[in-house]
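Colleague:
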Amino acid sequence: MEFFTYFYEEELNKFFYQKPQRFNKFSNRELLSYGLGATLYMPATRPNIHQDILSKKHEGLTSLVIDLEDAVGDNEVFGAEGLLIAELLKLSGEVNKGFISFEDLPLMFVRIRNLEQFKRVSEQLGDATKLLTGVVLPKFTAKNGEEILREVLRLHSEQHPFYAMPILETARVIQKETRMEELMNIKHLLDRNKENILNVRIGATDFCGLYGIRRSADTTVYDISVLRDCISDIVNVFQRFDSPYVVSGPVWEYFSAKKRMLKPQLRQTPFRERYGVEGLKWRTKLIDENVDGLIQEILMDIANGLTGKTIIHPSHIKIVQALNVVSYEEYIDASNIINAANGNIGVMKSDFANKMNEIKPHYYWAKKMILKSQLYGVLHEEFTNIDLIKREVYV
Numbered sequence: 299m300e301f302f303t304y305f306y307e308e309e310l311n312k313f314f315y316q317k318p319q320r321f322n323k324f325s326n327r328e329l330l331s332y333g334l335g336a337t338l339y340m341p342a343t344r345p346n347i348h349q350d351i352l353s354k355k356h357e358g359l360t361s362l363v364i365d366l367e368d369a370v371g372d373n374e375v376f377g378a379e380g381l382l383i384a385e386l387l388k389l390s391g392e393v394n395k396g397f398i399s400f401e402d403l404p405l406m407f408v409r410i411r412n413l414e415q416f417k418r419v420s421e422q423l424g425d426a427t428k429l430l431t432g433v434v435l436p437k438f439t440a441k442n443g444e445e446i447l448r449e450v451l452r453l454h455s456e457q458h459p460f461y462a463m464p465i466l467e468t469a470r471v472i473q474k475e476t477r478m479e480e481l482m483n484i485k486h487l488l489d490r491n492k493e494n495i496l497n498v499r500i501g502a503t504d505f506c507g508l509y510g511i512r513r514s515a516d517t518t519v520y521d522i523s524v525l526r527d528c529i530s531d532i533v534n535v536f537q538r539f540d541s542p543y544v545v546s547g548p549v550w551e552y553f554s555a556k557k558r559m560l561k562p563q564l565r566q567t568p569f570r571e572r573y574g575v576e577g578l579k580w581r582t583k584l585i586d587e588n589v590d591g592l593i594q595e596i597l598m599d600i601a602n603g604l605t606g607k608t609i610i611h612p613s614h615i616k617i618v619q620a621l622n623v624v625s626y627e628e629y630i631d632a633s634n635i636i637n638a639a640n641g642n643i644g645v646m647k648s649d650f651a652n653k654m655n656e657i658k659p660h661y662y663w664a665k666k667m668i669l670k671s672q673l674y675g676v677l678h679e680e681f682t683n684i685d686l687i688k689r690e691v692y693v
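One point on numbering: in this note's numbering, the residue at position 159 of the sequence shown is 457, and numbering is uninterrupted.
Okay, here's the thing in structure tokens:
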């Protein structure tokens, strides 16, 4: 797998100071945890999933989750399990025939309902379980998590790593009177199983459902106070420098164009200053396609330390990937901070003469930037993430 494989080679040379590197399920766990990018959810009831993967139907897709939980009706469960197993066995057959390699598969996960289903599905898959990078654990709690993580460990091997991605989305996590106790208990559980934890995810839809809230296409999760406060505490607990996890941005659930009710999320200024009248035209195109709210939320995700995002429509893939590319300035600052972390100096002026880089306070940030830069690449100094999005609008 590799980000931006849909770019021509000359485009990669044009935009990227450092090109994205290849990765797969066998990559180093710390690096791989930043490589989920736009994680596409699809219901297990969907036919021909194996063919979609073989044909690379969704351009730019690097990670996907086949969902046996909320995307499947309670009366569809066993049928969905059977279809999922059949599709993965077909895909396994194609891998065994050499039509596609493990290294070229997207990072694939199954979202399960409970431990019993997890055991049942993995037993029926047999060796085809090796196609999976891991399992997504919805409504994860400190109480139900231990047994499931033991099953994850049983499936894990050095030859075929198998990871868990717990989703934080229960009442005990979002309700203020139980939140910190539950978050710390989950953190301690994950710390005991850290080598098998790839990513921590946030279930914004379930959180909203507990309060009878549904956000609109004009509203980010950061505009909903109860969600914003909960995300803040999740970041506080799980991204501490001494034992950090990669936390992914919650799902963006809108993709169809509708008449606007509120003002657009995207300011005119960055588009007008960089591209003039043309910039305002394609800003309008983004707004008409209800993509402006997604862009704004991703920018807020990144500002709050989150990496990657859950998506439910393939049209979101390229936007998520583009906005996670590291800028030239970020990369140079991060590299200088890492290189200066020998104790000889404590602070230095940025090469761009616009900020001070403090070695100790900025070291953890710098390490994250270097890891992200290896996967998403680094832009040349004259380009921004907006340039990559512009390329997607007009190509």
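Virtual Cβ for every residue (Gly too), placed ideally from N, Cα, C.
Of all the alpha helix (DSSP H) runs that stay within the bounds of the segment 490-562, which reach a length of 4 or more residues?
Modeller: You should have 502-507 and 523-536.
Colleague: Whole alpha helix (DSSP H) runs in the segment 450-491 with 4 or more residues, listed along the chain?
Modeller: 469-472 and 474-490
Colleague: Expressed to the nearest angstrom, what Euclidean distance is found between the alpha-carbon atoms of residue 648 and residue 386?
Modeller: 50 Å
Colleague: Just curious, the alpha helix (DSSP H) that residue 620 is in, first and last residue?
Modeller: 615-621
Colleague: Nearest-angstrom Cα distance between residue 351 and residue 503?
Modeller: Here the alpha carbon of residue 351 sits roughly 27 Å from the alpha carbon of residue 503.
Colleague: When the Cα atoms are used, what is the spatial distance from residue 662 to residue 669?
Modeller: Distance between the alpha carbons of residue 662 and residue 669 is about 11 Å.
Colleague: Nearest CA to the CA of residue 496: which residue from 463, 686, 335 and 657?
Modeller: Nearest option by C-alpha distance: 463.
Colleague: With a CB to CB cut of under 7 Å and the five nearest residues on each side skipped, what residues in its chain are close to residue 505?
Modeller: Within the same chain, residue 505 has close Cβ partners 467, 472, 525 and 528.
Colleague: Any idea what DSSP makes of residue 395, helix, strand or coil?
Modeller: coil
Colleague: Going by beta carbon distance, what residues of the same chain come within less than 8 Å of residue 609, once the five residues before and after it are set aside?
Modeller: 336, 337, 338, 339, 549, 550, 615 and 618
Colleague: When we look at the beta-carbon of residue 643 and count the other beta-carbons within 10 Å, is it buried (16 or more) or exposed?
Modeller: exposed
Colleague: Using 8 Å for Cβ pairs, my map puts residue 419 next to residue 374. What's the rounded Cβ distance?
Modeller: Here residue 419 is actually not in contact with residue 374; their C-beta atoms are around 15 Å apart, not less than 8 Å.
Colleague: For the alpha helix (DSSP H) containing residue 633, name the first residue and the last one.
Modeller: 626-637
Colleague: Is the distance from the Cβ of residue 660 to the Cβ of residue 626 below 8 Å?
Modeller: No. Outside cutoff.
Colleague: Could you pull the DSSP bridge partners for residue 647 from this structure?
Modeller: 654
Colleague: Runs of 3 residues minimum, wholly inside the segment 309-346: which ones carry the beta strand (DSSP E) assignment?
Modeller: 314-316 and 336-341
Colleague: Given this structure, state the Cα-to-Cα distance separating residue 344 from residue 676, to the nearest angstrom.
Modeller: 36 Å
Colleague: Would you mind sorting residue 560 into buried or exposed? The rule is 16 or more other CB atoms within 10 Å of its CB.
Modeller: At residue 560 the pLDDT is 41, less than 50, meaning the model places this residue with poor confidence and gives no usable figure here.
Colleague: Assess, as a yes-or-no matter, whether the segment 356-363 is touched by the segment 436-456 under the definition of 3 or more beta carbon pairs within less than 8 Å.
Modeller: Flag = no, the segment 436-456 and the segment 356-363 do not touch.
Colleague: Report the rounded CA-to-CA distance for residue 589 versus residue 613, giving the unit in angstroms.
Modeller: If I take the Cα positions, the gap works out to 9 Å.
Colleague: Given residue 685, which residues of its chain have a CB within under 6 Å of its CB, disregarding the five upstream and five downstream residues?
Modeller: none
Colleague: Are the beta-carbon atoms belonging to residue 433 and residue 400 less than 8 Å from one another?
Modeller: No; because the gap between Cβ atoms is not below 8 Å, this pair is not in contact.
Colleague: Answer with yes or no whether the minimum CB distance from residue 667 to chain B is below 8 Å.
Modeller: Protein chain content of the structure displayed is limited to a single chain, and chain B is not contained in it.
Colleague: For residue 448, count neighbouring C-beta atoms within 10 Å of its own C-beta (all shown protein chains included) and say buried if the count is 16 or more, exposed if not.
Modeller: exposed
Colleague: Would you tell me roughly how many angstroms separate the C-alpha atoms of residue 392 and residue 346, rounded to the nearest one?
Modeller: 13 Å
Colleague: How long is the line joining the alpha carbons of residue 397 and residue 389, rounded to whole angstroms?
Modeller: 10 Å
Colleague: DSSP has residue 405 in a bridge; who is on the other side?
Modeller: 361
Colleague: Mapping the DSSP letters down to three states, classify residue 688 as helix, strand or coil.
Modeller: Here residue 688 sits in helix by DSSP.
Colleague: Take the Cβ of residue 607 as the centre, count every other Cβ of all protein chains shown within 10 Å, and call the residue buried at 16 or more, exposed below.
Modeller: buried
Colleague: Please state whether the Cβ-Cβ distance between residue 363 and residue 409 is less than 8 Å.
Modeller: yes
Colleague: Exposed or buried, which one is residue 492 when buried takes at least 16 other CB atoms within 10 Å?
Modeller: Flag for residue 492 reads exposed.
Colleague: Going by DSSP, what residues sit across from residue 427 in a beta bridge?
Modeller: In DSSP, residue 427 forms no bridge with anything.
Colleague: Name the DSSP bridge partner or partners of residue 609?
Modeller: 338 and 550
Colleague: Looking only at DSSP bridge pairs, what is residue 432 linked to?
Modeller: 407 and 461
Colleague: Roughly how many whole angstroms lie between the Cα atoms of residue 664 and residue 602?
Modeller: 15 Å
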